[in-house]
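A short write-up of the structure that comes next.
In mature numbering (1 follows the signal peptide of the UniProt record, and there is no 0), the protein residues as written are -29 to -1, 1 to 231.
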């Protein structure tokens, strides 16, 4: 009991420190997210769940992954990193704990989770972290932004590359008018993918904005658009820092709550 209580205290303290530092540089990224190109292209902070690569998340330090609560599955406690398509050379990361902020009774809306990796990941050219947006951040359609999409190579074989494409951020009023769903809350934001990718947002994937010389994580995708052409809905990262600590689950407790 004492050991578990100590583990919980250390995890909570680490988590609080991480969230209070939203907008700071990542802990050990060696300037990994400095802008070298106009767009992030294939993003080295992306991680993928082993569910046909249809759910993803973002490395925000060498020990933490941020994703959507709907991506959690009690049958999978590992992720892939360093790849953009299903292939054998990806690195497998195991995680042991989940810290979730899911406020509604159905545990389905504005729910994002931090996953604690069992062991720190080593950064490389293909594996890097992305900083969180500050709680003072504001976003509009004048800001350069990108969302993650499935770029299908072979639709019949369900083979795709996941990459980021340019997007437009929409105000919540405009999004409410265009979305076939309930009202967008203040803890959510909307963005529409550009080009030929209107239906391929990936749950848990990042909404990335360019701030100065860095890419910053602004939102986490909750689900694909309900209708092709609708904007995707993202949980605002910047507005959840103070309430993450309200929900703390060790992995088995977390998944028991979700799936039984």
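Positions of the beta carbon are idealized from the N, C-alpha and C atoms, including for glycine. Please read all numbers here as calculations on a predicted model, not as lab measurements.
Within 7 Å, strictly: CB atoms of residue i and residue j
i           : j           : result
residue 173 : residue 89  : no
residue 100 : residue 16  : yes
residue 66  : residue 37  : no
residue 103 : residue 30  : no
residue 209 : residue 27  : no
residue 282 : residue 98  : Only positions -29 to 231 of the chain appear in this structure, which leaves residue 282 out of reach.
residue 145 : residue 201 : no
Coil, strand or helix - residue i by DSSP
i           : result
residue 210 : helix
residue 61  : coil
residue 41  : helix
residue 20  : coil
residue 205 : strand
residue 72  : strand
residue 47  : coil
residue 177 : strand
Cα-Cα separation between residue i and residue j, rounded to whole angstroms
i           : j           : result
residue 135 : residue 154 : 26 Å
residue 94  : residue 148 : 42 Å
residue 190 : residue 164 : 14 Å
residue 32  : residue 92  : 9 Å
residue 159 : residue 204 : 7 Å
residue 108 : residue 181 : 12 Å
Interface flag, residue i vs chain E, CB-CB below 7 Å
i           : result
residue 117 : No chain E is present in this structure, which holds just one protein chain.
Beta-carbon separation (whole angstroms), residue i vs residue j, contact threshold 8 Å
i           : j           : result
residue 162 : residue 116 : 6 Å
residue 140 : residue 110 : 5 Å
residue 64  : residue 47  : With 8 Å as the limit, residue 64 and residue 47 do not qualify as a contact, their Cβ atoms being about 12 Å apart.
Span of the beta strand (DSSP E), counted from its first residue to its last, around residue i
i           : result
residue 157 : Careful: residue 157 lies outside any beta strand (DSSP E) and carries neither H nor E.
residue 87  : 83 to 88
residue 107 : Note, residue 107: premise wrong, no beta strand (DSSP E); not H, not E.
residue 184 : Note, residue 184: premise wrong, no beta strand (DSSP E); not H, not E.
Extent of the continuous alpha helix (DSSP H) run through residue i
i           : result
residue 144 : 143 to 149
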